[in-house]
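Residue numbers (our numbering): 2 to 1118.
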């Protein structure tokens, strides 16, 4: 691997085969690997293997003619397979061992669940699908497959349900075998290409699917890339489709190729009308073992749905594969199939479907019922997916997209070529537009350098002093940044001296060419005979092709150039020659000052360094001077102002920048400014608490503040509600009339001070101990910097008033294992291993928390998108939050203030809801990527959370009312998961599965320390009896370590769970001894009382209510 990140991957990298690299080779000597490195010919990269054949392992077949055996091949097969020589000694094959299945090259363990990941791209119904994620889970024991395509735009989500082949191929791969019939993975090892054509005959819709399956990686995840194009019948939004059970047959039509043709149907749920469609699929793979016989796939229990909220299309089905029940019909039937078709089993008979890219036509002279397969012109019927700036060329059985002149790409995607106007050269350089590399800066005669920087030459440039051989040219060398001599074709030497190696000696002209003599250059060259075209070394009949860009049939002194006027390629003789491009002969040079042949958009100017007159395109145009085209002002919107767009101007036939509606100016960067006359429906200038409405009086749109706010619409402030209307005063305050403000306001009672919405004792509890409740103590408040009353352990309140808490049977831990919650003691034993607490079908309890006041467990279910609770003993499971959640993960309980906090990684929010009133509020919704774990400290009024963004993972903190947000940890993090507060030490601890660590830090951001490493994949975390416990996704044990560090101890878990281990929580008998300004009478708030992190509280207006209660709220309610 080079320092700039370039690398070359050896065969077997990322698999178990990598452990054998010291015994493998590409040079027939164990541990020795040879490569060509640098500028190599015939390769897109800069690394080539050696020229010799290496036999570093394979199927014993190189180009199909190897006679290698298992004995004379170094490591012929992967670890989970056995090498078997072919009976005819023509090579060998790899066979999976008994407890594995596959094609020998790729083997997976029998009855083990399999997974598949990939990307889906393309266009369906004119809506682009850009790298949507494909995930599949396969239960190989019963052949049940679950395939999901996520990030599907709502516009095609419902329609994509009909493309069942996206999930069907997974079923063929891992179908349960009956009577030893091979499934797809046994045949291909998961490495193959598949093309599918889906036709809907009633509506005329057609879809073309291309899939590349790359086999399992080192983690046994299958990889796939899918490309789609075409259209499907529309499915009403919100509707589901039903697909009845079906069968389809797979036939091997040639070595390494399988075809299947079938007819199916679907219907809308609740509708009996069947919609038929046909599938024609071709599977190409590398074949080694005995060829397969035709097989029949049986598919049942189809379940298809589009989840609009999650934008996921799901396909589920059960698959079984078996031999045909009758003799293969294609044994006789294949002789009846004509050219460009194959015999494919269908039911108990056969068909001869045309190969892909062909269709049936009946010849008039061939008799009735004699179909012939003819090529489909995809370009003419609109099935091609070429870019708007590309030409479509029909080929036998296929088509090709080719970018137009001035653009480059693969034809499906084309971008405008850079021109000399796009780069800046040194003043002593000129720009040369090279056909392959694009515009390049070249220093002028007498200068050397890279074109960006040019210095005076020391005289070694062949342009300034002509010392090249007559048979050489002065060519620019990129390595030296100089022009040097290079011998012409047919000569060899250093350019200063060139020795003839011409066709009269080598006799290397085409049989349809002749070796001719050029008197001026005193050299022989090859030229095609009349009726043939080419470079003389390869000559083809002129009528055998239509364009020189397909086969270069131009004369040796001509080039193949694109003509924009007739949009075709033509041969054009080089400067100094004349002819039709296929035959050129030298002419006396005529410059544009003698005959002006320049483009109307060019001028004839004298070139300083050569002294010749040349045609040069005017500013704003590009070309060779003879043909000049307009230069686009922009290629994308990024070339324009932030408030502009790149649009096509039909008048000038080029793209230009234009300011967006609501702005005025030229459109270029920094030239678009707000239009003061633009109304708010064009450019929304309204306040966030205002709406843009149409005013019938003035006949235009204007901004108007929302109800509850007042202002001009561009600035709105909440309308104040007096306390005599809504009592928002603190419990130690009164609502009194204030003559100065001519209104009612809250005023603290005697002995207390504050704004009336929150009141505290005027004297500190240090001075007056009697203000604290008898069950409280006077302690320092780190948030306010003063002394406050705090209830003793076993009591709850604000310190001025404390009530006894109920005692709960804690002292245990609860953790999530798959769909189950299990309870274990501090140290599980054989006699007391713990027990299953509860199990809810299909749930994924990611985060757990406890309400120590009432003795309840809360958990966030990411799969069912709900938050539930239950008693410590698992009884009375109750739904808490069930609406408007995408992926709740972390959960925390404010037990004195009676609030519930949680993170939602689907919505990227941190939210709060009251435990007694169900009022909800989104506290933080900006600059969150993947929020997960959350913890709160009611005494300090602080909340903490993790964000495992792969680009910038961090741990943040804020006040419990959402204000005062800041980073607590933002460096040296991998993938932070769950967090927990150590109330005894005022520490925050977390699991980091990216770095494999358990870490802690003081709540003030100091004294960060690693408690334990390495952990495999730590997830949930809890602190219990001076130990840190955690769950692990890879090692199915609980783990614990002393809070001060040391050796970790694995703890066995009780039966009752399966799958990944998620959240973990300690069940305390008593709550931590902390106070809260919201602990008594909801802090005097009507809706949500949230600690503000300063020793006080905020009365917060909710966004909504879980039970639908009407909300009328001001900031001080």
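Glycine included, every Cβ here is placed at the ideal spot set by N, Cα and C.
Let me confirm a value: residue 1 is counted as buried when at least 16 other C-beta atoms fall within 10 Å, else exposed. Which label applies?
A query on residue 1 cannot be resolved here, the shown segment of the chain reaching from 2 to 1118 and no further.
Could you tell me if residue 880 is buried or exposed, where buried requires 16 or more neighbouring beta carbons within 10 angstroms of its beta carbon?
Around the beta-carbon of residue 880, fewer than 16 other beta-carbon atoms lie within 10 Å, marking it exposed.
Buried or exposed for residue 1099, please, with buried defined as at least 16 other CB atoms from any protein chain shown within 10 angstroms of its CB.
Looking at its Cβ environment, which holds 16 or more other Cβ atoms inside 10 Å, residue 1099 is buried.
Does at least one heavy atom of the ligand PLP sit under 7 Å from the Cβ of residue 138?
You won't find the ligand PLP in this model; it holds no ligand whatsoever.
List in chain order: all unbroken alpha helix (DSSP H) runs of 4+ residues lying wholly within the region 348-418.
When DSSP assignments are scanned along the region 348-418, the uninterrupted stretches of alpha helix (DSSP H) that are 4 or more residues long and fall wholly within it turn out to be 379-382.
Coil, strand or helix - residue 508 by DSSP
Note: residue 508 maps to coil in three-state DSSP.
Who are the Cβ neighbours of residue 716 in its own chain at under 8 Å, not counting the five residues just before and after it?
Residues 688 of the same chain have their beta carbon placed closer than 8 Å to that of residue 716, with the five preceding and five following residues left out of the count.
Hey, residue 714 and residue 703: beta-carbon distance below 8 Å or not?
Closer than 8 Å, so yes.
The region 149-157 contacting the region 241-255, beta-carbon criterion three pairs below 8 Å
Taking 8 Å as the limit for Cβ pairs, the verdict is that the region 241-255 does not touch the region 149-157.
Under 8 Å between C-beta atoms of residue 69 and residue 108:
It is not a contact, given that the beta carbons lie outside the stated cut-off.
Roughly how many whole angstroms lie between the Cα atoms of residue 876 and residue 813?
Rounded to whole angstroms, residue 876 to residue 813 spans 16 Å at the Cα level.
If you pair each beta-carbon of the region 292-309 with each one of the region 164-179, do three or more pairs fall below 8 Å?
A contact exists between the region 292-309 and the region 164-179.
With a Cβ-Cβ cutoff of 8 Å, do residue 380 and residue 400 count as a contact?
Yes, Cβ-Cβ distance for residue 380 and residue 400 is below 8 Å.
Nearest by alpha-carbon distance to residue 663: which of 685, 787 and 670 is it?
The residue with the shortest Cα to Cα distance from residue 663 is 685.
Please determine if the region 761-781 and the region 818-825 are in contact, where contact requires at least 3 C-beta pairs separated by less than 8 Å.
With fewer than three CB-CB distances shorter than 8 Å, the region 761-781 does not count as touching the region 818-825.
Within the same chain, show all residues whose beta-carbon is closer than 6 Å to that of residue 899, passing over the 5 residues directly before and after it, in chain order.
If you ignore the 5 residues before and after residue 899, its C-beta comes within less than 6 Å of the C-beta of 916 and 917, all in its own chain and listed in chain order.
Expected contact under 8 Å - CB spacing of residue 892 and residue 868 to nearest Å
The pair is a contact, with the Cβ atoms about 6 Å apart (cut-off 8 Å).
List the endpoints of the continuous beta strand (DSSP E) containing residue 609.
Residue 609 -> no beta strand (DSSP E), and no H or E assigned at all.
Less than 8 Å between the C-beta atoms of residue 999 and residue 936, yes or no?
No, these two residues do not count as a Cβ contact at 8 Å.
Can you give me the start and stop residues for the alpha helix (DSSP H) that residue 333 sits inside?
Residues 331-334.
Excluding five sequence neighbours on each side, which residues of the same chain lie with their C-beta closer than 6 Å to the C-beta of residue 585?
The answer, listed in chain order, is 556, 558, 559, 574 and 578.
Which of the three DSSP states, helix, strand or coil, is assigned to residue 36?
In this structure, residue 36 counts as coil in the three-state DSSP scheme.
Using the three-state DSSP reduction, which class does residue 250 fall into: helix, strand or coil?
Under the three-state reduction of DSSP output, residue 250 falls in the strand class.
When DSSP labels each residue in this structure, what does residue 187 get in the three-state scheme?
The three-state reading of DSSP puts residue 187 in helix, counting H, G and I together.
Would you identify the three-state DSSP class for residue 1105, choosing helix, strand or coil?
Strand, per DSSP.
Applying the 10 Å Cβ sphere with the 16-neighbour rule, what's the burial state of residue 1051?
When all chains shown are included, residue 1051 counts as exposed.
Residue environment, residue 58, which counts as buried when at least 16 other CB atoms sit within 10 Å:
The predicted position of residue 58 is uncertain, since its pLDDT is 42 and thus under 50; no value can be drawn from it.
Determine whether the beta carbon atoms of residue 194 and residue 255 lie at a separation below 8 Å.
No, the pair does not count as a contact, with Cβ atoms beyond the cut-off.
Rounded to the nearest angstrom, what separates residue 1023 and residue 840 at their Cα positions?
Distance between the alpha carbons of residue 1023 and residue 840: 21 Å.
In whole angstroms, what separates the C-alpha of residue 657 from that of residue 122?
Roughly 30 Å between the two C-alpha positions.
Measuring straight from C-alpha to C-alpha, what distance separates residue 347 and residue 227?
Residue 347 and residue 227 have their C-alpha atoms spaced approximately 26 Å apart.
Residue 98 versus residue 323 - alpha carbon distance
Straight-line spacing of the CA atoms in residue 98 and residue 323 works out to 22 Å.
Identify, in the order they occur along the chain, each residue of the same chain with its Cβ nearer than 7 Å to the Cβ of residue 235, setting aside the five sequence neighbours on each side.
160.
Cβ of residue 527 within 8 Å of Cβ of residue 537?
Yes, these two residues count as a Cβ contact at 8 Å.
From which residue to which residue does the beta strand (DSSP E) around residue 793 run?
That residue, residue 793, is in no beta strand (DSSP E); it is neither H nor E in DSSP.
Close-in-space but distant-in-sequence residues of the same chain around residue 1081 (CB under 6 Å, 5 per side omitted):
Result list for residue 1081: 798, 799 and 802, in chain order.
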